[in-house]
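Asks: Pasting a structure here, questions to come.
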Amino acid sequence: MSKDQLVALALKALIQEVTLTPKPGLVDPYHPGSHTDMDAFTFIDSCFALVPGFHVYYEIGAQHHGTLPELFASIRQAGINNEAKMFTATANVNTHKGANFMFGILIAAIAYLDYPDLETLQTSIQTMTTGLVQAELGSLTHFQTHGEKMYEQYGFTGIRGEVEAGIPHAFNLALPILQDDSVPYDHRLKLALLQLIATNDDANMVKRGGILGLDYGKSLAAMDYHDLDYHLSYMNRMFVQRNLSPGGSADLLAISIFLYLYDKEQSS
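In the working numbering, each residue's number is its place in the sequence shown (first place is 1) plus 10.
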């Protein structure tokens, strides 16, 4: 697999996530969910704005000769630069901040390790980001960003904790759902999203609805249902009424899709 092919998988994953419909509180081609400042076109602009930075992540990983923690340090500025490109493309709307962060780690690690299997990739991500929560959250005395305040108030480690644990919501929860070929693909994507919403301490949900909003969203996602699309449409109505949006879970779905596509390509 070439660099261009790998980056194309990341772009494909992002586009599959935004085009999946129906979704609760999230942007899709038919509904902006709980968002008044973005639509599907905003997301497509963001997806393509991120692509040059994905190539940069790959090059940094391929040319790196130090340790995995040093690789993480070396991509941080590239990640900030790519985030700025996203904000420029979207008129300062946060569409893919979390996804950009996780894709930076994944793409750089894949290039550095020369296309590892998924087990090696996950353990390498853990090594790459060891101590991240303590370094960036545990030592704080003044909490400014939403993620920092979540850590202070609830002990939620957010995306930093997720990557330090090896992105388990993607590797261990959503990916096995996507790998079940007995189920139609779009159905698998929706099931994976539901599982992510039901289990992820989503910072975006807390930001919009507090801890009660997060718990409400988790409980709806875990409910039994007879018709999947009807249930997702019902959840969308309820989330919109409460201004809830599981953006962190959407980012994790995009990462899960990428891992699924990557593994499938490697196995073919």
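Every residue gets a Cβ at the ideal spot worked out from N, C-alpha and C, and that includes glycine. From a predicted model like this one, the values you see are computed outputs, not experimental measurements.
From residue 264 to residue 258, what does the alpha carbon distance come to, in whole angstroms?
Replies: Looking up residue 264 in the sequence shown gives position 254. Looking up residue 258 in the sequence shown gives position 248. Taking the straight line joining both Cα atoms gives about 10 angstroms.
Asks: Tell me which residue opens and which closes the alpha helix (DSSP H) that residue 116 is part of.
Replies: As a position in the sequence shown, residue 116 is number 106, starting the count at 1. Run containing residue 116: 107-123, per the alpha helix (DSSP H) assignment.
Asks: What do you get for residue 11, buried or exposed, if any count of 16 or more other CB atoms within 10 angstroms of its CB means buried?
Replies: Residue mapping note: residue 11 aligns to position 1 of the sequence shown, counting from 1. Exposed, since its Cβ has fewer than 16 Cβ neighbours within 10 Å.
Asks: Using a 10 Å radius around the Cβ and a threshold of 16 neighbouring Cβ atoms, would you call residue 245 buried or exposed?
Replies: Translated into the one-based positions of the sequence shown, residue 245 becomes position 235. Per the 10 Å Cβ criterion, buried.
Asks: Going by C-alpha to C-alpha distance, which of 105, 54 and 63 sits closest to residue 87?
Replies: Counting from 1 along the sequence shown, the entry for residue 87 is found at position 77. The shortest C-alpha separation from residue 87 is found at 63.
Asks: How about the segment 66-83 and the segment 33-44: do they share at least three Cβ pairs that are nearer than 8 angstroms?
Replies: no
Asks: Helix or strand or just coil, what does DSSP make of residue 48?
Replies: Here residue 48 is taken as the residue at index 38 of the sequence shown, counted from 1. Note: residue 48 maps to coil in three-state DSSP.
Asks: According to the Cβ coordinates, are residue 19 and residue 271 closer than 8 angstroms?
Replies: Here residue 19 refers to the residue found at position 9 when the sequence shown is read from its first residue. Here residue 271 refers to the residue found at position 261 when the sequence shown is read from its first residue. Yes.
Asks: Over what stretch of residues does the alpha helix (DSSP H) that includes residue 157 continue unbroken?
Replies: As a working note, residue 157 is residue 147 in the sequence shown. Residues 156-164.
Asks: Hey, residue 25 and residue 68 are a contact pair by Cβ (cut 8 angstroms); roughly how many whole angstroms apart?
Replies: As a working note, residue 25 is residue 15 in the sequence shown. As a working note, residue 68 is residue 58 in the sequence shown. About 19 angstroms; that fails the 8 angstroms criterion.
Asks: Near residue 121, what residues of its chain come up, given a Cβ to Cβ distance below 6 angstroms and the 5 sequence neighbours on each side ignored?
Replies: Numbered from 1 along the sequence shown, position 111 holds the residue referred to as residue 121. If we look at residue 121 and ignore the five residues flanking it on each side, its Cβ neighbours are 68, 71 and 72.
Asks: Measure the alpha-carbon distance for residue 193 versus residue 247 and round it to whole angstroms.
Replies: Working through the sequence shown from its first residue, we reach residue 193 at position 183. Working through the sequence shown from its first residue, we reach residue 247 at position 237. Taking the straight line joining both Cα atoms gives about 26 angstroms.
Asks: Tell me which same chain residues have a C-beta within less than 7 angstroms of the C-beta of residue 57, skipping the five on either side of it?
Replies: Here the question's residue 57 lines up with position 47 in the sequence shown. For residue 57, where only same-chain residues beyond five positions count, the Cβ hits under 7 angstroms are 21, 24 and 25.
Asks: In chain order, what residues of the same chain lie with their CB nearer than 7 angstroms to the CB of residue 37, ignoring the 5 residues before and after it?
Replies: Your numbering for residue 37 matches position 27 in the sequence shown. Cβ within range, chain order: 28, 43, 45, 48, 49, 50 and 53.
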